[in-house]
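Peer 1: One structure, as structure tokens, below. Some questions next.
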Amino acid sequence: MDFRLGEEELALKEEIRKFAEAELPPDLVRNTVIDGEFRDFEFEISMSRKLAERGWLVMSWPEKYGGRGASLLEQTVYEMEIAYWGIPGAWMGISGIQWVGPCLMMFGTEEQREKFLPLIASGEKDGVWCTGYSEPNAGSDFANIRTRAIRDRGDYIVNGQKVWTSAAHRARWCWLAVRTNPNAAKKHQGISIFIVDMKSPGVTVNPILNYYGRHHFNEVFFDNVRVPASNLVGEENKGWYYLMQSLAFERRSIAPTTYGSLKRILEDLAQYAAQTEYEGQPLSKNPLVRAKLADLAIDLEVLKMFAFQLAWRITQGQIPVYESSRNKIMGDDLMRRGAITGAEILGIYSQADPDSEWAKLNGAVQGAYLGFPGQAIAAGTAEIEKSIIGQFRLGLPKSY
Ligand SMILES: Cc1cc2nc3c(=O)[nH]c(=O)nc-3n(C[C@H](O)[C@H](O)[C@H](O)COP(=O)(O)OP(=O)(O)OC[C@H]3O[C@@H](n4cnc5c(N)ncnc54)[C@H](O)[C@@H]3O)c2cc1C
């Protein structure tokens, strides 16, 4: 197989480079996806609108829903480039773009597609979603969710609590997992997915500051929230199946973005090492520094191949299961190693706040360092992903 990019992909890369150079302020804080959002919502929305205007935001969607029918391979190149340049806004609507939209195309009604897909594709505030899966007693053990939805004539009434809900304070819509049948023989059988308007009476969003003081997460309470039955996604009690697909979409998107962010960090670190003297010689002559950067460069190439292979398999109509988990583990681990290597090379400067005059690489290493533990938990911890690989790649019995 020939892995070189074609003319169209190379042209896209070039267009994105020009866009980034024209639109991004030189001192823009450059952070990883997990850490990088929600700093300046207005700026991020203005950028996501511009990405939408260029037909990039949801490029692989059909034209009638706001995309341009690009291949998933092209979209993968786009995701890598956007992350490389640290363009904010592409991930503001990450839930909507990466999994809600694709799931609605697979399982939604035509009415839902016509209403929600163009909103997501617009890059506007009303197209921002959050994802309501985790609860105080349901994280890895996702099937344990207790938030309930009970049918009441033309509506469902939702009661319960979600936690760690990224961007709920920005979102107009929630992709919500609830229990519709508490008496199902198995826990995962009584779950459904709903689209909930975050402006509905009875929805309360409380901020949770993460361990470095940023408002990324929230807890969300649902108190007798009325949701129209037309907002049920697919069939009642079949939500588990949709959720597995949704998580596979989410995990797929991690490798391209991690690759893009880390590639830039690696290139910048190499340049920094070449320009910075330590004990009378450039850091780049230190064998340890060279070896660590080379190690990262090797594994980044592997991650890139994994990202393209997964996208390619999807374009062939296959449904990759363990590959999304493999890519997620690899991406998370590389982000950890890249952040630690960056901190070792920058030394004390890596701890400087991105806005400080002492910050290097626009805060990219600090962002990676603070963000990697969260990235490794979101969308499934390494233990859960390895368990999936054991089951679906190695044929081991289900572990839980
Ligand atoms: C940055 C970030 C963003 C997030 N955004 C969202 C969001 O938008 N919406 C949302 O719903 N949730 C979100 N989450 C929550 C996330 O999905 C959960 O934190 C994750 O699923 C783990 O669940 P938990 O925190 O309850 O930990 P637990 O499930 O309690 O796990 C604790 C530890 O036990 C291990 N463990 C658990 N079960 C097993 C098992 N069966 N075998 C082996 N080891 C096991 C885990 O690997 C982990 O190390 C986010 C989390 C982070 C960090």
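14 is the number of the first residue of the sequence shown in the working numbering; add one for each residue after it.
Even for Gly, the Cβ is constructed at its ideal location relative to N, Cα and C.
1. Helix, strand or coil for lysine 63? Go by DSSP, reduced to three states.
2. In three-state terms, what does DSSP make of tryptophan 98?
3. Check whether the Cβ atoms of tryptophan 98 and leucine 37 sit closer than 8 Å, and answer yes or no.
4. Can you tell me whether DSSP reads glycine 88 as helix, strand or coil?
5. For serine 73, tell me which candidate among Lys63, Ser84, Ala65 has the shortest Cα-Cα distance.
6. Please confirm whether any heavy atom of ligand 1 lies closer than 7 Å to the CB of aspartate 154.
7. Using the Cβ count rule (16 or more neighbours within 10 Å means buried), how would you classify aspartate 48?
8. Going straight from the alpha carbon of valine 46 to that of glycine 387, what length do you get?
9. Return the bridge partner residues of histidine 228 from the DSSP annotation.
10. Give the DSSP-derived three-state secondary structure of phenylalanine 16 in the structure shown.
11. Considering Cα atoms alone, identify which of Ala372, Arg349, Asp368 is closest to glycine 360.
12. So, helix, strand or coil for proline 115, using DSSP?
13. Report yes if the C-beta distance between alanine 162 and valine 171 is below 8 Å; otherwise report no.
14. Output yes or no for whether 8 Å exceeds the beta carbon distance between arginine 17 and alanine 377.
15. Beta carbon of serine 337: closer than 7 Å to some heavy atom of ligand 1?
16. Under the three-state reduction of DSSP, which class applies to asparagine 250: helix, strand or coil?
17. Could you round the C-beta distance between threonine 178 and phenylalanine 230 to whole angstroms and report it? I think they count as a contact, below 8 Å.
18. DSSP on arginine 161, reduced to helix/strand/coil?
19. Can you tell which of Cys187, Arg277, Asp346, Val113 has the C-alpha that lies nearest to the C-alpha of glutamate 94?
20. Below 7 Å, is the gap between the Cβ of lysine 212 and the nearest heavy atom of ligand 1?
21. Quick one: residues in its chain with C-beta nearer than 8 Å to the C-beta of alanine 242, no 5 flanking neighbours on either side, listed in chain order?
22. DSSP three-state label for leucine 41, please.
23. Below 8 Å on the Cβ atoms is my guess for glycine 136 versus serine 61; work out the distance and round it to an integer in Å.
24. Quick one: what does DSSP say serine 274 is sitting in, helix, strand or coil?
25. Just the Cα atoms here: how many angstroms apart are isoleucine 101 and alanine 197?
26. Which residues in the same chain have their Cβ closer than 6 Å to the Cβ of alanine 352, if we skip the five residues on either side of it in sequence?
27. Ligand 1 and serine 186: does the residue's C-beta get closer than 7 Å to at least one heavy atom of that ligand?
28. Given 7 Å as the limit, tell me if threonine 270 has its C-beta closer than that to any heavy atom belonging to ligand 1.
29. Three or more beta-carbon pairs under 8 Å between the segment 248-258 and the segment 116-128, yes or no?
30. Measuring alpha carbon to alpha carbon, tell me which of Tyr254, Pro214, Gly19, Glu57 ends up nearest glutamate 237.
31. Can you list, in chain order, the residues of its chain with a C-beta nearer than 6 Å to that of glutamate 92? Leave out the 5 residues immediately preceding and following it.
32. If you follow the beta strand (DSSP E) that isoleucine 397 is part of, which residue opens it and which one closes it?
33. Would DSSP call glycine 109 helix, strand or coil?
34. For alanine 190, which of helix, strand or coil comes out of DSSP?
35. Could you tell me if the beta carbon of lysine 341 falls within a distance shorter than 7 Å of some heavy atom in ligand 1?
Peer 2: According to the structure shown:
1. By one-based count along the sequence shown, residue 63 stands at place 50. Looking at lysine 63 - three-state DSSP - the assignment turns out to be helix.
2. Against the sequence shown, residue 98 aligns to sequence position 85. Tryptophan 98 falls in the helix class under three-state DSSP.
3. Taking the sequence shown and counting its residues from 1, the one referred to as residue 98 is at position 85. Taking the sequence shown and counting its residues from 1, the one referred to as residue 37 is at position 24. Yes. Within cutoff.
4. Along the sequence shown, one-based indexing puts residue 88 at 75. Looking at the sequence itself, residue 88 is glutamine, so the reference to glycine does not match. In the three-state reduction of the DSSP assignment, glutamine 88 falls in the helix class, which pools H, G and I.
5. As a working mapping, residue 73 is identified with position 60 in the sequence shown. Nearest C-alpha to serine 73: Ser84.
6. On the sequence shown, residue 154 is found 141 positions in, with the first residue counted as 1. The answer is yes for aspartate 154.
7. As a first step, residue 48 must be located in the sequence shown, where it is residue number 35. Here aspartate 48 scores only 46 on pLDDT, less than 50, and its place in the model should not be relied on; the value that follows carries that caveat. So aspartate 48 ends up on the buried side.
8. The count along the sequence shown starts at 1 and reaches residue 46 at position 33. The count along the sequence shown starts at 1 and reaches residue 387 at position 374. Bear in mind that the predicted position of valine 46 carries a pLDDT of just 46, short of 50, making it too unreliable to give a figure here.
9. Translated into the one-based positions of the sequence shown, residue 228 becomes position 215. In the DSSP output, where bridge partners are listed per residue, histidine 228 has Leu222.
10. The residue you call residue 16 lines up with position 3 of the sequence shown. Secondary structure at phenylalanine 16: coil, using DSSP grouped into helix, strand and coil.
11. For the purposes of this step, residue 360 is taken as the residue at position 347 of the sequence shown. When the alpha-carbon of glycine 360 is set against those of Ala372, Arg349, Asp368, the nearest one is in Ala372.
12. Your numbering for residue 115 matches position 102 in the sequence shown. In the structure shown, proline 115 sits in a helix (DSSP, three-state: H, G or I).
13. Counting from one through the sequence shown, the residue named residue 162 turns up at place 149. Counting from one through the sequence shown, the residue named residue 171 turns up at place 158. The Cβ atoms of alanine 162 and valine 171 lie closer than 8 Å to each other.
14. As a first step, residue 17 must be located in the sequence shown, where it is residue number 4. As a first step, residue 377 must be located in the sequence shown, where it is residue number 364. Going by C-beta atoms, arginine 17 is not nearer than 8 Å to alanine 377.
15. Within the sequence shown, residue 337 is the residue found at index 324, counting from 1. It does not: the Cβ of serine 337 is nowhere closer than 7 Å to a heavy atom of ligand 1.
16. Your numbering for residue 250 matches position 237 in the sequence shown. Coil.
17. Translated into positions along the sequence shown, residue 178 becomes position 165. Translated into positions along the sequence shown, residue 230 becomes position 217. The distance from the Cβ of threonine 178 to that of phenylalanine 230 is about 6 Å, consistent with a contact at the 8 Å cut-off.
18. Position 148 of the sequence shown, counted from the start, is the residue given in the question as residue 161. Three-state DSSP puts arginine 161 in a strand.
19. As a working note, residue 94 is residue 81 in the sequence shown. Taking only the C-alpha atoms, the option nearest glutamate 94 is Arg277.
20. Position 199 of the sequence shown, counted from the first residue, corresponds to residue 212. No; taking the cut-off as 7 Å, the Cβ of lysine 212 has no heavy atom of ligand 1 nearer than that.
21. In the sequence shown, the residue the question calls residue 242 occupies position 229. These residues qualify, in order along the chain: Arg164, Gly167, Asp168, Tyr169.
22. Position 28 of the sequence shown, counted from the first residue, corresponds to residue 41. DSSP places leucine 41 outside both helix and strand once states are collapsed to three, so it counts as coil.
23. If you number the sequence shown from 1, residue 136 lands on position 123. If you number the sequence shown from 1, residue 61 lands on position 48. Contact holds; Cβ gap of about 4 Å.
24. Position 261 of the sequence shown holds residue 274. Serine 274: helix per DSSP, three-state reduction.
25. Position 88 of the sequence shown holds residue 101. Position 184 of the sequence shown holds residue 197. Reading the sequence as shown, one finds proline at residue 101 and not isoleucine. Taking the straight line joining both Cα atoms gives about 43 Å.
26. As a working note, residue 352 is residue 339 in the sequence shown. Closer than 6 Å at the Cβ level, and outside the excluded window around alanine 352, lie Ala381, Tyr382, Phe385.
27. Within the sequence shown, residue 186 is the residue found at index 173, counting from 1. It should be pointed out that residue 186 corresponds to tryptophan in this sequence rather than to serine. Not so, every heavy atom of ligand 1 lies at least 7 Å from the Cβ.
28. Locating residue 270 in the sequence shown gives position 257, where the first residue counts as 1. Closer than 7 Å to some heavy atom of ligand 1: that does not describe the Cβ of threonine 270.
29. Three or more Cβ pairs drawn from the segment 248-258 and the segment 116-128 lie within less than 8 Å of each other, which places the two stretches in contact.
30. One-based indexing of the sequence shown puts residue 237 at position 224. Strictly speaking, residue 237 in this sequence is asparagine, with glutamate absent from that position. The shortest C-alpha separation from asparagine 237 is found at Pro214.
31. Numbered from 1 along the sequence shown, position 79 holds the residue referred to as residue 92. Closer than 6 Å at Cβ, skipping near neighbours: Pro269, Thr270.
32. One-based indexing of the sequence shown puts residue 397 at position 384. Per DSSP, isoleucine 397 belongs to no beta strand (DSSP E); it is in the alpha helix (DSSP H), 395-405.
33. Counting from 1 along the sequence shown, the entry for residue 109 is found at position 96. Looking at glycine 109 - three-state DSSP - the assignment turns out to be helix.
34. By 1-based counting over the sequence shown, the position of residue 190 is 177. Alanine 190 falls in the strand class under three-state DSSP.
35. By one-based count along the sequence shown, residue 341 stands at place 328. Incorrect: lysine 341 has no Cβ contact closer than 7 Å to ligand 1.
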